[in-house]
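The next block holds one structure in the form of structure tokens; read it before the comments.
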Amino acid sequence: MKIATWNVNSLKVRLGQLQEWLAREAIDVVCLQETKLEDSAFPVEALDALGYHSSFTGQKTYNGVAILSRYPAEHVESGIPSFDDPQKRVLSATICGVRVVCAYVPNGQSVDSDKYRYKLEWLSAFQRWLQSQLSDWGRVTVLGDFNIAPEDQDVHDPKAWEGQVLVSEAERAAFRGICELGFRDSFRLFPQAERSFTWWDYRMNAFRRKMGLRIDHILVSEILAPACRACTIETGMRALERPSDHAPVVAELALES
DNA sequence: ATGGCAGGAAGCTCCTGA
């Protein structure tokens, strides 16, 4: 089973790229972030035509997450139950016996902002909830835009970014806290090229200059990790005309059954 | 030096993203 995550930065704008990608790659589950669409505007028919069932929770202009799947999605749940939040950032579903959590972690803006405090509170609630997801389901995968570069090797210029939002110690501690519940960063299960990133700023020719961060992740629970065969970044998607500023991440799970 | 792109909603400029 191939699972993927992609921050599309507007599904309306990126629908054509998504369709081409899904027609080309045999991906079974796709988690999307920043769809920026109200539910009534979600392109259900276009994705159904490609063989995908859509689950989604969205809002106008900001946020919005979706899970596309070639197989039925069961027990679909929106949000973090204990965390009342009008921002549509979390969607979870069970597909082929695997709990799939699609997450769009808050950006945080800057470390001295209210949005940063919201990010840390959000992450704390997310971690608590993931613990219950782990005990409920066992086979759990968390895919999404974490807005956290876990280590210096995930940052093109660690010196320049030191202490900034996306790399600050409190954010990295929150990421480790989630992993320590019993998750592995699937990307680091395998040898990877240096300077592997998933996001490049639209400005300053950052992509061409390889000035990126690795902030989109696929975590797999310990019990699933032995089944993980690969994790790759679809860097080519960032090189398209009118791209999202994020590239997709894809992981392959060898599931018995 | 706080810029630089891009998307959305509004409406000819602003907010947000990361």
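Counting from 1033, one number per residue, gives the positions in the first sequence under this note's numbering. Ideal Cβ positions, reconstructed from N, Cα and C, are used throughout, including at glycine.
> Where are the beta strand (DSSP E) runs, 3 residues long or more, that stay fully inside the region 1201-1259, in chain order?
Replying inline: 1215-1217 and 1248-1253
> Which one of 1284, 1088 and 1075 has the shortest CA to CA distance from residue 1063?
Replying inline: It is 1088 whose Cα lies nearest to the Cα of residue 1063.
> Which whole-angstrom value is the C-beta distance of residue 1066 and residue 1095, which I expect to be below 8 Å?
Replying inline: 7 Å
>> Please classify residue 1146 as buried or exposed, where buried requires at least 16 neighbouring CB atoms within 10 angstroms.
In response: Residue 1146 is exposed by the Cβ-count criterion.
> If we ignore side chains and look at the alpha-carbon of each, how far apart do residue 1117 and residue 1226 end up?
Replying inline: 37 Å
> For residue 1074, does the three-state DSSP call read helix, strand or coil?
Replying inline: Reduced to three states, the DSSP call for residue 1074 is coil.
> Is it true that the region 1233-1242 meets the region 1208-1224, where meeting means three or more beta-carbon pairs spaced less than 8 Å apart?
Replying inline: no
>> Considering just the uninterrupted stretch of the alpha helix (DSSP H) at residue 1197, what are its terminal residues?
In response: Taken as a continuous stretch (DSSP letters only), residue 1197 belongs to no alpha helix (DSSP H), as it is neither H nor E.
>> Using only the alpha-carbon positions, how far apart do residue 1228 and residue 1127 sit?
In response: 29 Å
> If residue 1261 sits next to residue 1288, beta carbons under 8 Å apart, how far is it from one beta carbon to the other, in whole angstroms?
Replying inline: Not confirmed; about 13 Å, so no contact.
> With a Cβ-Cβ cutoff of 8 Å, do residue 1213 and residue 1163 count as a contact?
Replying inline: yes
> Could you give the residue range of the beta strand (DSSP E) that holds residue 1082?
Replying inline: Segment: none, residue 1082 is in no beta strand (DSSP E) and carries neither H nor E.
> Considering only residues of the region 1134-1191, which uninterrupted alpha helix (DSSP H) runs meet the minimum length of 4 residues and lie entirely inside it, listed in chain order?
Replying inline: DSSP runs (the alpha helix (DSSP H)) wholly in the region 1134-1191: 1146-1169.
> Taking the Cβ atom as the reference point for each residue, do residue 1034 and residue 1055 lie within a distance shorter than 8 Å?
Replying inline: no
> What residues in its chain sit with their C-beta under 8 Å from that of residue 1171, if we drop five residues either side in the sequence?
Replying inline: Answer for residue 1171: 1129, 1130, 1131, 1253, 1255 and 1256, listed in chain order.
> Using CA coordinates, which residue listed in 1188, 1155 and 1106 is at the minimum distance from residue 1114?
Replying inline: 1155
>> What would DSSP say about residue 1281, mapped onto helix, strand or coil?
In response: In the displayed model, residue 1281 falls within a strand according to three-state DSSP.
> When the Cα of residue 1161 is compared with those of 1141, 1109 and 1189, which residue comes out closest?
Replying inline: 1109
> Does the beta-carbon of residue 1218 have 16 or more other beta-carbons within 10 angstroms, so that it is buried, or is it exposed?
Replying inline: buried
>> Using DSSP's beta-bridge definition, name the partner residues of residue 1110.
In response: 1123
> Where do the ends of the beta strand (DSSP E) carrying residue 1062 lie?
Replying inline: 1061-1065
>> Assuming residue 1034 is part of the beta strand (DSSP E), what are its boundary residues?
In response: 1034-1039
>> So, for residue 1184: in the same chain, excluding its five sequence neighbours on each side, which residues have a beta-carbon less than 6 Å away from its beta-carbon?
In response: The beta carbon of residue 1184 is closer than 6 Å to those of 1190 in its chain, skipping five residues each way along the sequence.
> Which stretch, first to last residue, makes up the alpha helix (DSSP H) that contains residue 1055?
Replying inline: Its alpha helix (DSSP H) spans residues 1043-1056.
> Relative to the alpha-carbon of residue 1142, which residue among 1202, 1157, 1098 and 1103 has its alpha-carbon at the smallest distance?
Replying inline: 1202
> Less than 8 Å separating the beta-carbons of residue 1245 and residue 1177?
Replying inline: no
> Which word fits residue 1166, buried or exposed, when buried means at least 16 other C-beta atoms lie within 10 angstroms of its C-beta?
Replying inline: The residue is buried, with at least 16 neighbouring Cβ atoms inside 10 Å.
> Looking only at C-alpha atoms, which of 1090, 1093, 1099 and 1071 sits nearest to residue 1050?
Replying inline: 1099
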